[in-house]
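Data block below; observations after.
There are 4 protein chains.
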Amino acid sequence: MGDLEKAARKAQEFRQREREILDAALALFLEHGEDRVTVEMIADQVGIGKGTIYKHFETKNEIYLLLMIRYEEDLAELFRSIDGEDDRERLPREYFSFRIQQPRRYQLFDRLENKVIKEQAVPELVDKLHTIRAKNLDSLVRTIEQGMKADTLEPVPPYYHIALAWALAHGAVGLMESPFYQKYIDDKEDFTDFLINVGIRMGNKGQRGRRDD
Amino acid sequence: MGDLEKAARKAQEFRQREREILDAALALFLEHGEDRVTVEMIADQVGIGKGTIYKHFETKNEIYLLLMIRYEEDLAELFRSIDGEDDRERLPREYFSFRIQQPRRYQLFDRLENKVIKEQAVPELVDKLHTIRAKNLDSLVRTIEQGMKADTLEPVPPYYHIALAWALAHGAVGLMESPFYQKYIDDKEDFTDFLINVGIRMGNKGQRGRRDD
Amino acid sequence: MGDLEKAARKAQEFRQREREILDAALALFLEHGEDRVTVEMIADQVGIGKGTIYKHFETKNEIYLLLMIRYEEDLAELFRSIDGEDDRERLPREYFSFRIQQPRRYQLFDRLENKVIKEQAVPELVDKLHTIRAKNLDSLVRTIEQGMKADTLEPVPPYYHIALAWALAHGAVGLMESPFYQKYIDDKEDFTDFLINVGIRMGNKGQRGRRDD
Amino acid sequence: MGDLEKAARKAQEFRQREREILDAALALFLEHGEDRVTVEMIADQVGIGKGTIYKHFETKNEIYLLLMIRYEEDLAELFRSIDGEDDRERLPREYFSFRIQQPRRYQLFDRLENKVIKEQAVPELVDKLHTIRAKNLDSLVRTIEQGMKADTLEPVPPYYHIALAWALAHGAVGLMESPFYQKYIDDKEDFTDFLINVGIRMGNKGQRGRRDD
DNA sequence: TATGAATGAGGCTTCATTCAT
DNA sequence: AATGAATGAAGCCTCATTCAT
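Residue numbers (UniProt numbering), protein chains in the order written: chain A, 1 to 213; chain B, 1 to 213; chain C, 1 to 213; chain D, 1 to 213.
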């Protein structure tokens, strides 16, 4: 095996390790809350030394941000895969589903974002995150504008629709994770279904939000 | 002045100080995030010593919970003041407005609740909080059931409607506070109005969620 | 009632309160250990305010010392009441019994003395304590010297005998309070009896320490 | 040097540091009393940072217990080294000497044990301590039982003899450390000798406790 | 590159003592 | 004299980050 090959493999392994760390961190953050998870716990989970983590990431905050970026990139990937389809409802539906599917994860990211911005930490990565997100948003905006041209959506600024959906999604997540309200929801699946339907058609002209029709 | 009177005044002042501490704590939590606010900062803000705080509250967690309870009691007060009115839409509207009006506060409480429950701290107060909240919920449920009898609401379990509204409110809050999405909303007031309307009529039969009609 | 009488009664009540505080303090120290007992707890137990305690005693250390002095004075009282009797064994026996009877109390005082001396607190009271104790010791020494003249005790320095008895008493107390060794003693009374007998005759010439003869 | 060797050396050094911390802690506890010694003082004494202490021990209480266990293990070691010898008096004598030789240390441990048990701290280590001590006790019990078979000891339950010796040792320690009684003892060595002799023969049949015969 | 021991700033909490009423 | 609210020094412990090997 040549040196080049070796170096490539090494780089490969390094990337792989990075992914492992992020995966472990995410899992632990979700399970215990980011405040109760120490860098050492993450290292243990991956089976490496604490110092090694700092070979990959400068600070714990950077881990936070990379997780969030990864999430947003997955969303971008989803959008790319849908792009070009005819079904105009598909994109918002997928967006909505994606976000609502893993409530705790999104909730975590929301918390992290507020925290990281409050501390003004790692501004470059915050910028990167926002750039990706803006692109994703753009996809949505364009879809919505098409919907408005097709005269199926209320003629309000596009972001009203997005924001509405975002709000509902965000809220639905909060609801389903609320230790208190959880008790009141018997059939989670049915309720999720209900929410998604309302969410998607909420901004439609005419019979908005109607379910099962 | 009699001794009784004196004692009463002292008790009064003690209560007052308690309120001051909670107010200061809330203000600081909202401004810097609860993690960046130390007990000492709260004391400084009120202009008292660190130790004094602990004459009023056993732990920082207790401060968290008392703030949340206060909030929920304000809501209860609101419900009481409305009770007995004819306008069936009034209650949900007020609920929705109340929650959406002070986004950061609610968001803070949501974060705190998750944190406090995760740490299993001050369970008696958590119980108290949930009791009050359950009562508030009851008010809503009853109103909604009346709405369903009056055949203006979709015949799904009442909490579907509440949950929906909760979710939207929660989400709207998250949205309006999101450092990222904020940039996209030009006219906050108009948007809030839009959301509130959608929120209230979302679950209506027929022309749900329609605005200005 | 004249002013004098009133003043006298007041003084009387003041003394009484002082005694109450000391009693309460002792009880609490014995139950929870002096470190876990706050001045506030003592005040609550007596049913007075915390500040009042400081009208009677300058510091918590002073309370410690006054308790110890009271104890030593009780011992002096005991010696006085015996003085003049013929039975030469009576004094040591009473001394030994007195100390061994309330193990935890003595242990507490022992702990306190070390603590207070280490901190060099309230030296006047420490002196007072030692003066009283020296007097008590003197009573013992004289009794022992008489025993030696009567040729019933080993002719070693008198304090050897006292110290021996002290040591055994102290040790017996430690033993009976040791959470560990306690498990090994089935019949406490019988064992105490055994100890006391050994203690008294330990220094005798000839058949020393023999039991039941 | 191989990696294995390196790791071994590191582990070795880690152990060594642990010992250093315990030694420093013990020295400080003995000198100032455990309450006046802060974790930071221990760290300073060793010449390390405060946090490092917590890499080795979870709490200050754990340090207390490990010191006590170490002490008890030394005793066990002593017993092991004697085991099998013919001289039946050797074991109790060594036990007695061991305990009486370092009075302040034992006294410290006695205080610590009571404290730690009152706080119900680190129960696993308390158990471990008691297990070791029970084994040590067993050695003594067996020796004593042999003495009774040989008809040289009073036929009371074996633990009476142990307890007696324990009590005397404990008491002797308390005595020699008592800031008050200390003044009365001129020749410490002679007195210790006196005590040890009494201690060992105290329970003998016949001429018990006689010295130099 | 990987490691993990070491660091120390910083947080929460306790409680003896003071002092204005 | 009695009170108890207020104080703040001081202690224990956590953990992100550094750095020598």
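For every residue, glycine included, the Cβ atom is placed at its ideal position computed from N, Cα and C.
TODO: Could you work out which residues of chain B lie near residue 111 of chain A, taking near to mean beta carbons separated by less than 8 Å?
DONE: On the first sequence, residue 111 of chain A is found 111 positions in, with the first residue counted as 1. Correct list: 111.
Open item on the list: Within 9 Å of any Cβ in chain D, is that where the Cβ of residue 135 of chain C sits?
Closed with: The residue given as residue 135 of chain C occupies position 135 in the third sequence. No, no contact with chain D.
Task: the segment 116 to 125 of chain B / the segment 48 to 55 of chain B touching (three or more Cβ pairs under 8 Å) - done: no
Open item on the list: Between residue 105 of chain D and chain C, is the shortest Cβ-Cβ distance under 9 Å, so that the two count as touching?
Closed with: Working through the fourth sequence from its first residue, we reach residue 105 of chain D at position 105. No, residue 105 of chain D lies away from the interface with chain C (no Cβ there is under 9 Å from its Cβ).
Task: First and last residue of the uninterrupted alpha helix (DSSP H) at residue 187 of chain A - done: Numbered from its first residue, the first sequence carries residue 187 of chain A at position 187. Per DSSP, residue 187 of chain A belongs to no alpha helix (DSSP H) and is neither H nor E.
Open item on the list: Is it buried or exposed, residue 14 of chain C, if we count other Cβ atoms within 10 angstroms and call 16 or more buried?
Closed with: By one-based count along the third sequence, residue 14 of chain C stands at place 14. So residue 14 of chain C ends up on the exposed side.
Task: Span of the alpha helix (DSSP H) around residue 217 of chain D - done: In the structure as shown, chain D starts at 1 and stops at 213, and residue 217 of chain D therefore has no counterpart that could be examined.
Open item on the list: Rounded to the nearest angstrom, what separates residue 73 of chain C and residue 132 of chain C at their Cα positions?
Closed with: Position 73 of the third sequence holds residue 73 of chain C. Position 132 of the third sequence holds residue 132 of chain C. Rounded to whole angstroms, residue 73 of chain C to residue 132 of chain C spans 7 Å at the Cα level.
Open item on the list: Determine, for residue 37 of chain B, whether the minimum Cβ-Cβ distance to residues of chain A falls below 9 Å.
Closed with: For the purposes of this step, residue 37 of chain B is taken as residue 37 along the second sequence, with counting starting at 1. With 9 Å as the cut-off, residue 37 of chain B does not count as an interface residue toward chain A.
Open item on the list: Classify residue 4 of chain C: buried if its beta carbon has 16 or more other beta carbons within 10 angstroms, exposed otherwise.
Closed with: Sequence index remark: in the third sequence, residue 4 of chain C carries index 4 (1-based). Note on residue 4 of chain C: under 16 other CB atoms within 10 angstroms of its CB, so exposed under the neighbour-count rule.
- [ ] Go to residue 143 of chain A, then tell me how far its alpha helix (DSSP H) extends in each direction, as first and last residue.
- [x] Here residue 143 of chain A refers to the residue found at position 143 when the first sequence is read from its first residue. Start and end: 123 to 149.
TODO: Would you kindly work out how many angstroms separate the C-alpha atoms of residue 128 of chain C and residue 101 of chain D, rounded to a whole number?
DONE: Position 128 of the third sequence, counted from the start, is the residue given in the question as residue 128 of chain C. Position 101 of the fourth sequence, counted from the start, is the residue given in the question as residue 101 of chain D. C-alpha separation (whole angstroms): 31 Å.
- [ ] Check each residue of the segment 176 to 187 of chain C: if its Cβ is closer than 7 Å to any Cβ of chain D, include it; give the result in chain order.
- [x] 179, 180, 181, 184 and 185
Open item on the list: Could you tell me the alpha carbon to alpha carbon distance between residue 45 of chain A and residue 179 of chain D, rounded to whole angstroms?
Closed with: Against the first sequence, residue 45 of chain A aligns to sequence position 45. Against the fourth sequence, residue 179 of chain D aligns to sequence position 179. Answer to the nearest angstrom: the Cα atoms are 55 Å apart.
Open item on the list: So, does the segment 133 to 140 of chain A touch the segment 82 to 100 of chain A, judging by three or more C-beta pairs under 8 Å?
Closed with: yes
Open item on the list: Given this structure, state the Cα-to-Cα distance separating residue 26 of chain A from residue 61 of chain A, to the nearest angstrom.
Closed with: Counted from its first residue, the first sequence places residue 26 of chain A at position 26. Counted from its first residue, the first sequence places residue 61 of chain A at position 61. Residue 26 of chain A and residue 61 of chain A: Cα-Cα distance of roughly 13 Å.
Open item on the list: In the DSSP assignment, the alpha helix (DSSP H) including residue 14 of chain A goes from what residue to what residue?
Closed with: To locate residue 14 of chain A, count along the first sequence from 1; it is residue 14. Here the alpha helix (DSSP H) through residue 14 of chain A covers 3 to 32.
Task: Residue interval of the alpha helix (DSSP H) (run including residue 116 of chain D) - done: On the fourth sequence, position 116 is the one that residue 116 of chain D refers to. Segment 103 to 119, the alpha helix (DSSP H) holding residue 116 of chain D.
- [ ] Determine the extent of the alpha helix (DSSP H) in which residue 80 of chain B is found, giving its start and end residues.
- [x] By 1-based counting over the second sequence, the position of residue 80 of chain B is 80. Counting along the chain, the alpha helix (DSSP H) containing residue 80 of chain B begins and ends at 60 to 82.
Open item on the list: Please confirm whether residue 198 of chain C has its beta-carbon closer than 9 Å to some beta-carbon of chain D.
Closed with: As a first step, residue 198 of chain C must be located in the third sequence, where it is residue number 198. Judged by the 9 Å Cβ criterion, residue 198 of chain C is in contact with chain D.
Open item on the list: Quick check: is the beta carbon of residue 29 of chain C nearer than 9 Å to any beta carbon in chain D?
Closed with: The residue you call residue 29 of chain C lines up with position 29 of the third sequence. No, residue 29 of chain C does not count as interfacial toward chain D.
Task: Separation of residue 33 of chain D from residue 186 of chain D, as counted between CA atoms - done: Against the fourth sequence, residue 186 of chain D aligns to sequence position 186. Against the fourth sequence, residue 33 of chain D aligns to sequence position 33. Distance between the alpha carbons of residue 186 of chain D and residue 33 of chain D: 26 Å.
Task: First and last residue of the uninterrupted alpha helix (DSSP H) at residue 44 of chain C - done: If you number the third sequence from 1, residue 44 of chain C lands on position 44. Residues 39 to 46.
- [ ] Could you confirm whether any beta carbon from chain A is found closer than 9 Å to the beta carbon of residue 79 of chain B?
- [x] For the purposes of this step, residue 79 of chain B is taken as residue 79 along the second sequence, with counting starting at 1. Taking Cβ atoms only, chain A never reaches closer than 9 Å to residue 79 of chain B, which makes this a no.
- [ ] Give the interface partners of residue 121 of chain A over in chain B, defined as CB-CB distance under 9 Å, in chain order.
- [x] As a position in the first sequence, residue 121 of chain A is number 121, starting the count at 1. Going along chain B, no residue has its Cβ under 9 Å from residue 121 of chain A, so there is no contact; the nearest lies around 12 Å.
Open item on the list: I believe residue 66 of chain B touches residue 57 of chain B by the beta-carbon criterion, under 8 Å. Please report the beta-carbon distance rounded to the nearest angstrom.
Closed with: Position 66 of the second sequence, counting from 1, holds the residue named residue 66 of chain B. Position 57 of the second sequence, counting from 1, holds the residue named residue 57 of chain B. About 7 Å separates the two Cβ atoms, so the contact holds.
Task: Segment limits, alpha helix (DSSP H) that includes residue 152 of chain D - done: Walking along the fourth sequence from the start, residue 152 of chain D turns up at place 152. Note, residue 152 of chain D: premise wrong, no alpha helix (DSSP H); not H, not E.
Task: Contact between the segment 163 to 176 of chain A and the segment 146 to 159 of chain B (3+ Cβ pairs under 8 Å) - done: Result no; under three Cβ-Cβ pairs closer than 8 Å.
Open item on the list: I want to verify the contact list: residues of chain A whose CB lies under 8 Å from the CB of residue 115 of chain B, in sequence order.
Closed with: Position 115 of the second sequence holds residue 115 of chain B. Here the neighbours are 33 and 35.
TODO: Go to residue 49 of chain C, then tell me how far its alpha helix (DSSP H) extends in each direction, as first and last residue.
DONE: Sequence index remark: in the third sequence, residue 49 of chain C carries index 49 (1-based). Looking at the DSSP string, residue 49 of chain C is not in any alpha helix (DSSP H), and its letter there is neither H nor E.
Task: Counted within 10 angstroms of its Cβ, other Cβ atoms place residue 103 of chain B as buried (16 or more) or exposed - done: Your numbering for residue 103 of chain B matches position 103 in the second sequence. Answer is buried; the Cβ neighbour count reaches 16.
TODO: Please list, in chain order, all residues of the same chain as residue 10 of chain A whose beta carbon is under 8 Å from its beta carbon, the five residues on each side excluded.
DONE: Within the first sequence, residue 10 of chain A is the residue found at index 10, counting from 1. There are no such residues.
- [ ] Check the Cβ of residue 56 of chain A against every Cβ in chain B and list those closer than 9 Å, keeping chain order.
- [x] Looking up residue 56 of chain A in the first sequence gives position 56. In chain order: nothing, as chain B lies at least about 25 Å away.
Open item on the list: Which of the three DSSP states is assigned to residue 35 of chain C in this structure?
Closed with: Taking the third sequence and counting its residues from 1, one reaches residue 35 of chain C at position 35. Reduced to three states, the DSSP call for residue 35 of chain C is helix.
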